[in-house]
Amino acid sequence: MNLWLAIVLIIVALAGGVALGFYFARQYMMKYLKENPPINEQMIRVMMAQMGRKPSEKQVRQMMAQMNKLQDK
3 MNLWLAIVLI IVALAGGVAL GFYFARQYMM KYLKENPPIN EQMIRVMMAQ MGRKPSEKQV
63 RQMMAQMNKL QDK
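Each step along the sequence shown adds one to the number in our numbering, with nothing skipped, and position 26 is 28.
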């Protein structure tokens, strides 16, 4: 009887640890990506210049707005 109780407690503790670890890792990554966005206006300008385009400020802001909109979802 005590063996089954020990096994159940180990499984519950393992599941709780996995759930808490996932939650804290997700929170850390969301905070990291918010502080260090994967793409910024300068990167968009460089990317468009490599494609042979000279982007206007309006185009850069539109692309940033799209990126932020997709990131928020």
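Yeah, the Cβ is synthetic: ideal placement off N, Cα and C, and Gly gets one too. Computed from a predicted model, the values in this text were never measured in an experiment.
{"Check": "Using a Cβ distance threshold of 8 Å, determine whether the stretch 13-29 contacts the stretch 53-70, with at least three qualifying pairs required.", "Outcome": "no"}
{"Check": "Going by beta-carbon coordinates alone, are Gln-73 and Leu-35 separated by less than 9 Å?", "Outcome": "yes"}
{"Check": "Just tell me which of Ala-8, Pro-39, Arg-55 has its CA closest to the CA of Lys-71.", "Outcome": "Pro-39"}
{"Check": "Reducing DSSP to helix, strand and coil, say where Val-3 ends up.", "Outcome": "In the sequence as presented, Val is not what sits at residue 3; that position holds Met. In this structure, Met-3 counts as coil in the three-state DSSP scheme."}
{"Check": "Roughly how many whole angstroms lie between the Cα atoms of Ile-12 and Val-48?", "Outcome": "53 Å"}
{"Check": "When you compare only the Cα positions, how much space is there between Asn-4 and Lys-33?", "Outcome": "43 Å"}
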